[in-house]
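Reviewing the structure listed below.
Residue numbers (the working numbering): 1085 to 1485.
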C-alpha cells in the first residue's frame, strides 16, 4: 500500500544510529516486497528480530484439496461448519477450515472465541473479512480494532495475533494469497495515490495504532511457510527470546490496515454493470470484489439482476454475508452461503428471479466475491458443507429424476 505512515519514534535519517535511552542501539529491520524493489517499511526494535532459541514443527490445519469433479457449480453452507459451541475451543488462526484453494489462493472460514497464537504467514499476504463479531488485531506495527464488515489486509511475514472481543463469536473469512494483495492498479496514479474514480481512498483506510510494546521471554510464533508436501505448505513454531512486539517506531508504505466495506462507494449505471466495477483488491491470479447495498440500473427497460454469463477464464466464488441477494432467490442460498461457479459452466439468475427484479430501484445485499484465474479445488471444509443440490437448481431436477 503506497501510502506513507510514521508511527512512534524513528531517527531523522534512515540507516543511521538510533539509540535507546540507555545508550544502546535500536535494531533497524527493513520489511520489503519484491526484494528491495517495491513497498517497504523500516522497523526499529529494542531486541534482535532474527534471534531464535528453539524451533519445532507445526502441523497445519488440513490443507488437502480435492478436484471439483465432475465439474458442477456448488453451494457451500459455511454456517454448518461450526455447530453448537464448537467455536469455544477454536481461534481465528489454527481454527481455520479450508473451504477452497489452488496454487494462488486459499479461502478458509473460522468461528472463534479464543485468542490466536502469535502468527506470521510467510507464503503471502492475507485479506481477512470479518463477517460477524469484533477483535483486536495486535501486530508488530501496532494494533487494529476491527469489527463486522471490515477487511483486514496483513502483509506477508507480519507477526500478529487475533483477540476476539465483544459478546458474539468472531466469524472470519480468510483469503490467503501466494503473493501480495493490493488495491487494483487502475484505481491508483503511477505514484500510488488513489484516483478520483476509485470507489474508496486513503481516508477510508485505518492503519495500526501504536507502537505496541510488550514484555516477555521465550515467546512462541507460529509460522506458515513454503514446504515440500502435497499442499506446498508447512508450519514451524519459532521460539524467540524476547517478545516480538518490541518496535518503538516505524515508517514506510508497507503495513497492515483495515477497510470497512461500508466505505466502498458503489459504481452504478443505466444498465447492469459488470463485476469489475465492484472490485476492491487484487492478488496474483485472482481478484476480490464486493457487492454492497446500492441503487441499481435506471434505464426504463433495465434488467437489474445479472445476465447469464460463462466464466471463460475464471472460477467465481461468492460469499453471501448479509441482505437479500436477488439473483439467487429460490436456490437455497442465504446468509453464510458460498457459491462456486466454475470456469466452463454458464451461470446467472435462478429461474423466476428476473421478472420480480424488474423495476427495482435498489438492492440490499452484501457479498464478497473472489474470482480466480486458475481452477479451484475443494478443501475438506468445502466438501463437508456442500449442499449437493445446487447444480440442479436451474433445471429443477437432478440425476435420475
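Note that CB positions come from ideal geometry on N, CA and C, so glycine has one too.
Kindly indicate which three-state DSSP category residue 1112 falls into: helix, strand or coil?
-> Here residue 1112 corresponds to residue number 28 of the chain shown, with the count starting at 1. In this structure, residue 1112 counts as strand in the three-state DSSP scheme.
Determine the extent of the beta strand (DSSP E) in which residue 1435 is found, giving its start and end residues.
-> For the purposes of this step, residue 1435 is identified with residue 351 of the chain shown, where counting begins at 1. First-last for residue 1435: undefined, no H or E at that position.
Check residue 1137 in the structure and name its three-state DSSP category.
-> Position 53 of the chain shown, counted from the first residue, corresponds to residue 1137. Looking at residue 1137 - three-state DSSP - the assignment turns out to be coil, as it is neither helix nor strand.
Verify whether the separation of the beta carbon atoms of residue 1180 and residue 1167 is less than 8 Å.
-> For the purposes of this step, residue 1180 is taken as the residue at position 96 of the chain shown. For the purposes of this step, residue 1167 is taken as the residue at position 83 of the chain shown. Cβ distance not < 8 Å, so residue 1180 and residue 1167 don't count as in contact.
Is residue 1412 helix, strand or coil by DSSP?
-> The count along the chain shown starts at 1 and reaches residue 1412 at position 328. Residue state, collapsed to three classes: helix.
Below 8 Å between beta carbons: does that hold for residue 1376 and residue 1460?
-> Residue mapping note: residue 1376 aligns to position 292 of the chain shown, counting from 1. Residue mapping note: residue 1460 aligns to position 376 of the chain shown, counting from 1. No. Outside cutoff.
Have a look at residue 1439 and residue 1352 and give me their C-alpha separation to the nearest angstrom.
-> As a position in the chain shown, residue 1439 is number 355, starting the count at 1. As a position in the chain shown, residue 1352 is number 268, starting the count at 1. When rounded, the distance between both Cα atoms is 20 Å.
Should the region 1405–1418 be regarded as contacting the region 1447–1465, the criterion being three or more beta carbon pairs within less than 8 Å?
-> Flag = yes, the region 1405–1418 and the region 1447–1465 touch.
Span separating the alpha-carbon of residue 1345 from that of residue 1221 = As a working mapping, residue 1345 is identified with position 261 in the chain shown. As a working mapping, residue 1221 is identified with position 137 in the chain shown. Those two C-alpha atoms are separated by around 18 Å.
Just the C-alpha distance for residue 1091 and residue 1290, rounded to the nearest angstrom, thanks.
-> Translated into the one-based positions of the chain shown, residue 1091 becomes position 7. Translated into the one-based positions of the chain shown, residue 1290 becomes position 206. If you take the alpha carbons of residue 1091 and residue 1290, they lie about 13 Å apart.
On the premise that residue 1205 lies in contact with residue 1240, defined as a C-beta separation below 8 Å, what is that separation, rounded to the nearest angstrom?
-> Within the chain shown, residue 1240 is the residue found at index 156, counting from 1. Within the chain shown, residue 1205 is the residue found at index 121, counting from 1. That pair is a contact at about 6 Å.
Check each candidate in 1141, 1145, 1133 and 1099 and name the one with the smallest Cα separation from residue 1464.
-> Within the chain shown, the letter at position 380 stands for residue 1464. That would be 1145, whose Cα lies nearest to the Cα of residue 1464.
Which of the three DSSP states, helix, strand or coil, is assigned to residue 1096?
-> Here residue 1096 corresponds to residue number 12 of the chain shown, with the count starting at 1. The answer is coil: DSSP assigns residue 1096 none of H, G, I, E or B.
Compare the beta carbon distance of residue 1399 and residue 1388 with 8 Å and say whether it is the shorter of the two.
-> Residue mapping note: residue 1399 aligns to position 315 of the chain shown, counting from 1. Residue mapping note: residue 1388 aligns to position 304 of the chain shown, counting from 1. Taking 8 Å as the Cβ cut-off, residue 1399 and residue 1388 do not qualify as a contacting pair.
Where does residue 1185 sit, in a helix, a strand or coil, going by DSSP?
-> Taking the first residue of the chain shown as position 1, residue 1185 is located at position 101. Residue state, collapsed to three classes: strand.
Following the continuous alpha helix (DSSP H) through residue 1468, name the residue where it begins and the one where it ends.
-> Counting from one through the chain shown, the residue named residue 1468 turns up at place 384. Per DSSP, residue 1468 belongs to the alpha helix (DSSP H) from 1464–1468.
So what does DSSP say about residue 1254, is it helix, strand or coil?
-> By one-based count along the chain shown, residue 1254 stands at place 170. In the structure shown, residue 1254 sits in a strand (DSSP, three-state: E or B).
Selection from 1472, 1476 and 1466 that minimises the alpha carbon distance to residue 1151 | Here residue 1151 refers to the residue found at position 67 when the chain shown is read from its first residue. Closest by alpha carbon: 1466.
Entirely enclosed alpha helix (DSSP H) segments - the region 1157–1181, minimum 4 residues | none
For residue 1135, does the count of other Cβ atoms within 10 angstroms reach 16, so buried, or fall short, so exposed?
-> For the purposes of this step, residue 1135 is taken as residue 51 along the chain shown, with counting starting at 1. Its Cβ having fewer than 16 others within 10 Å, residue 1135 is exposed.
At a cut of 8 Å, does the region 1424–1431 reach the region 1222–1236 through at least three beta carbon pairs?
-> no
What span of residues does the beta strand (DSSP E) with residue 1374 cover, start to end?
-> Sequence index remark: in the chain shown, residue 1374 carries index 290 (1-based). Element bounds for residue 1374: 1370–1375.
Can you give me the Cβ contacts of residue 1341 inside the same chain, cut-off strictly under 7 Å, excluding the 5 residues immediately before and after it?
-> Indexing the chain shown from 1 puts residue 1341 at position 257. Around residue 1341: 1085, 1237, 1289, 1290 and 1291.
When the distance is taken between beta carbons, is residue 1126 closer than 8 Å to residue 1335?
-> Working through the chain shown from its first residue, we reach residue 1335 at position 251. Working through the chain shown from its first residue, we reach residue 1126 at position 42. Closer than 8 Å, so yes.
Taking the C-alpha atoms as reference points, what is the distance between residue 1156 and residue 1216?
-> Here the question's residue 1156 lines up with position 72 in the chain shown. Here the question's residue 1216 lines up with position 132 in the chain shown. Distance between the alpha carbons of residue 1156 and residue 1216: 30 Å.
8 Å Cβ cutoff met for residue 1247 and residue 1199 | Here residue 1247 refers to the residue found at position 163 when the chain shown is read from its first residue. Here residue 1199 refers to the residue found at position 115 when the chain shown is read from its first residue. Yes; because the gap between Cβ atoms is below 8 Å, this pair is in contact.
For residue 1345, does the three-state DSSP call read helix, strand or coil?
-> Position 261 of the chain shown, counting from 1, holds the residue named residue 1345. Correct three-state label for residue 1345: helix.
Measure the alpha-carbon distance for residue 1047 versus residue 1324 and round it to whole angstroms.
-> With the chain represented from 1085 up to 1485, any question about residue 1047 goes unanswered, as that position is not in the structure.
For residue 1288, the three-state DSSP class (helix, strand or coil) = Counting from 1 along the chain shown, the entry for residue 1288 is found at position 204. Note: residue 1288 maps to helix in three-state DSSP.
Does the beta-carbon of residue 1219 have 16 or more other beta-carbons within 10 angstroms, so that it is buried, or is it exposed?
-> Position 135 of the chain shown holds residue 1219. Looking at its Cβ environment, which holds 16 or more other Cβ atoms inside 10 Å, residue 1219 is buried.
Going straight from the alpha carbon of residue 1190 to that of residue 1258, what length do you get?
-> Taking the first residue of the chain shown as 1, we reach residue 1190 at position 106. Taking the first residue of the chain shown as 1, we reach residue 1258 at position 174. Approximately 8 Å, taken between the alpha carbons.
Quick one: what's got a C-beta closer than 7 Å to residue 1172's C-beta in the same chain, skipping five residues either side?
-> Within the chain shown, residue 1172 is the residue found at index 88, counting from 1. Correct list, in chain order: 1197.
Compute the distance between the beta-carbons of residue 1104 and residue 1321, then report whether it is under 8 Å.
-> Residue mapping note: residue 1104 aligns to position 20 of the chain shown, counting from 1. Residue mapping note: residue 1321 aligns to position 237 of the chain shown, counting from 1. Result no, Cβ atoms of residue 1104 and residue 1321 do not sit closer than 8 Å.
DSSP on residue 1362, reduced to helix/strand/coil?
-> Taking the first residue of the chain shown as 1, we reach residue 1362 at position 278. Helix, per DSSP.
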